[in-house]
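Asks:
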Amino acid sequence: MEGELTAAERRRSGRRLIRFRHGRCHRRSSEAEETGRVRRKRRADQPSTGPLQQHACRPRHGRRPRTNPLHPVAPGGSRHKHRRGRPWSPASPPASTRGHHCFLAQFRDNIKYEEDFFVNSRGNRLFTCRWMPKALEPRALIFICHGYGAECSISMGDTAARLVHSGFAVYGIDHEGHGKSSGSKGYISNFSDVVKDCSDHFKSVCEKQENRSKKRFLYGFSMGGTVVLQLHRKDPLYWDGAVLLAPACKIFDSMRPHPIIVSALKMISTVAPSWRVIPATDMIDKVCKDPQFKKEIRSNPYMYRGNLALQTGRELLSVTLDIEKNLHEVSLPFLVVHGTDDVVADPYGSKLLHERASSRDKTLKLYPGMWHVLMGEPPEDVERVFADVISWLEDRALSLVQNEIFSPITSKENFRCIEY
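Residue 80 in full-length UniProt numbering is what sits at position 80 of the sequence shown, and the numbering runs on without skipping anything.
Here is the structure:
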């Protein structure tokens, strides 16, 4: 037929005709045959669409559809409009951060959540947040200190919701270089600065007129437990109690560096403090068991997972060794909970803290088989841990309210060491 290419001509041109159901023909190159991609022509009667509509209807392979860049993005979510009258906040987490750890979502309507920033003494802008009961006057104040590389507003939201549901007001802060705070990500130039930032913010809350009569408790997880102990050592009589979850009180003997390595670290970190050469292995699969909780950690855009800087490693090592040598200085009432199979923070360090602390009211609870992140255990174990924590806080808050000056009883019940 006139006008039709022969097989030889098609081979020479590197093109061939493709016939579709509706009788329309389309040409594609031999390269497109290998990739399987076909660029279809628009029919004459088909209305023209803009680039955003074209991508929304037919996204490129391996790419997400384009969206309006003016729409805010929720962490772990997408650039879609949120429900009317309810902008995104950690009090309304995106779908990617909802699992069986849904205590926050369940009681969201009874929780007042607020965010703020303040500038510390070094000119850095630090993020703070608070969770408050809407209809009740808080029975006490709880101040949360998160672990290394973590943040407060998302990862500690479920913990805060449980505490608020029990009648407490909860306050958090993202350390410098962590979460939404400014600073080089994951970098700690001086651990004392972290402690000072927490102390300044927490005390500013305590000194408000409406909070002066309320009792104040510290709450720390992992490195946050180290911050809590340093806050107490800084002001031994200021805090009314502390809850420590898997605190970093001691380095595993098998991981303790040789003194020569410690000396070398000090010298090199003086020359290149921000050199990030200390490898940070992916420990998520070794610190928490629940798959959904691991997914939440990995999808949290504010978590730091990079290598440690030399100065950061030096500071963490130094403060841990210092605490281990001065556990006898701990004198406030405290509860320490720890999983026996923790591979990050040595459970024996919590035992030493309980044995050596001079506190007259101290409780240690060990959970056989549990890992470092106690909030990432199976649901029934998470409930057991929080039941112990909240029960301890409620008992101390009630005792402190009834007695303006708290004097713990010197019976053996105040020196409990419980292993389930």
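We treat Cβ as the ideally placed atom computed from N, Cα and C, and that holds for glycine.
1) Only counting the same chain, and skipping five residues up and downstream in sequence, which positions put a Cβ closer than 7 Å to that of Ala280?
2) Just checking, does the segment 234-249 make contact with the segment 338-357 on the three C-beta pairs under 8 Å criterion?
3) Can you tell which of Glu176, Trp371, Arg216 has its C-alpha closest to the C-alpha of Ser121?
4) Taking the alpha-carbon of Pro257 as reference, which of Gln209, Gly313, His232, Leu231 has the nearest alpha-carbon?
5) Quick one: residues in its chain with C-beta nearer than 8 Å to the C-beta of Cys288, no 5 flanking neighbours on either side, listed in chain order?
6) Going by alpha carbons, who is nearest to Ser153 out of Val337, Asp322, Ile390, Asp174?
7) On a Cα-Cα basis, can you pick out the residue from Asp109, Ser358, Phe143 that is closest to Pro133?
8) Any chance you could list the beta strand (DSSP E) runs of at least 3 consecutive residues sitting entirely within the segment 101-144, in chain order?
9) In this structure, what does DSSP give as the bridge partners for Leu308?
10) Here's the rule I'm using: 16 or more other beta-carbon atoms within 10 Å means buried, otherwise exposed. How should Tyr367 be labelled?
11) Below 8 Å between beta carbons: does that hold for Val319 and Ser358?
12) With a threshold of 7 Å on Cβ separation, who are the neighbours of Tyr302 within its own chain once the five nearest residues in sequence on each side are excluded?
13) What residue from Ile278, Ser199, Val337 has the CA that sits closest to Asp381's CA?
14) If I follow the unbroken beta strand (DSSP E) through Lys214, where does it start and stop?
15) In this structure, how does DSSP classify His201 when only helix, strand and coil are distinguished?
16) What would DSSP say about Thr363, mapped onto helix, strand or coil?
17) Report the residue ranges of all alpha helix (DSSP H) runs contained in full by the segment 322-365; include only those spanning at least 4 residues, in chain order.
18) Hey, how far is the Cα of Leu393 from the Cα of Ala135?
19) Comparing C-alpha positions only, which one of Val277, Pro236, Gln311, Val228 sits nearest to Met266?
20) What residues in its chain sit with their C-beta under 7 Å from that of Phe345, if we drop five residues either side in the sequence?
Replies: From the atom records:
1) Here residue 280 corresponds to residue number 280 of the sequence shown, with the count starting at 1. Hits under 7 Å: Arg305, Gly306, Asn307, Leu308.
2) yes
3) As a position in the sequence shown, residue 121 is number 121, starting the count at 1. The option with the nearest alpha carbon to Ser121 is Glu176.
4) Here residue 257 is taken as the residue at index 257 of the sequence shown, counted from 1. Answer by Cα proximity: Gly313.
5) For the purposes of this step, residue 288 is identified with residue 288 of the sequence shown, where counting begins at 1. Cβ neighbours of Cys288 beyond the five flanking positions: Lys294, Ile297, Trp371, His372, Val373, Met375, Gly376, Glu377.
6) Looking up residue 153 in the sequence shown gives position 153. Ranking the options by Cα distance to Ser153, first place goes to Asp174.
7) Reading the sequence shown from its first residue, position 133 is the one you call residue 133. Among Asp109, Ser358, Phe143, the Cα nearest to that of Pro133 belongs to Asp109.
8) 111-119, 125-133
9) For this step, residue 308 is matched to residue 308 along the sequence shown. DSSP, once it has assigned bridges, lists Ile278 as partnering Leu308.
10) As a position in the sequence shown, residue 367 is number 367, starting the count at 1. So Tyr367 counts as buried.
11) The count along the sequence shown starts at 1 and reaches residue 319 at position 319. The count along the sequence shown starts at 1 and reaches residue 358 at position 358. Contact: no.
12) Within the sequence shown, residue 302 is the residue found at index 302, counting from 1. Answer for Tyr302: Pro75, Glu151, Ile154, Gly179, Lys180, listed in chain order.
13) Counting from 1 along the sequence shown, the entry for residue 381 is found at position 381. The shortest Cα separation from Asp381 among Ile278, Ser199, Val337 belongs to Val337.
14) Taking the sequence shown and counting its residues from 1, one reaches residue 214 at position 214. Looking at the DSSP string, Lys214 is not in any beta strand (DSSP E), and its letter there is neither H nor E.
15) What you label residue 201 is simply residue 201 of the sequence shown in a count that begins at 1. Correct three-state label for His201: helix.
16) By 1-based counting over the sequence shown, the position of residue 363 is 363. In the structure shown, Thr363 sits in a strand (DSSP, three-state: E or B).
17) 347-356
18) Numbered from its first residue, the sequence shown carries residue 393 at position 393. Numbered from its first residue, the sequence shown carries residue 135 at position 135. The straight-line gap from Cα to Cα measures roughly 20 Å.
19) Residue 266 sits at position 266 when you count from the first residue of the sequence shown. According to the sequence as given, residue 266 is Lys; it is not Met. That would be Gln311, whose Cα lies nearest to the Cα of Lys266.
20) Translated into the one-based positions of the sequence shown, residue 345 becomes position 345. Checking the sequence shown, residue 345 turns out to be Ala, not Phe. The residues are Ser222, Ala246, Pro247, Ala248, His372.
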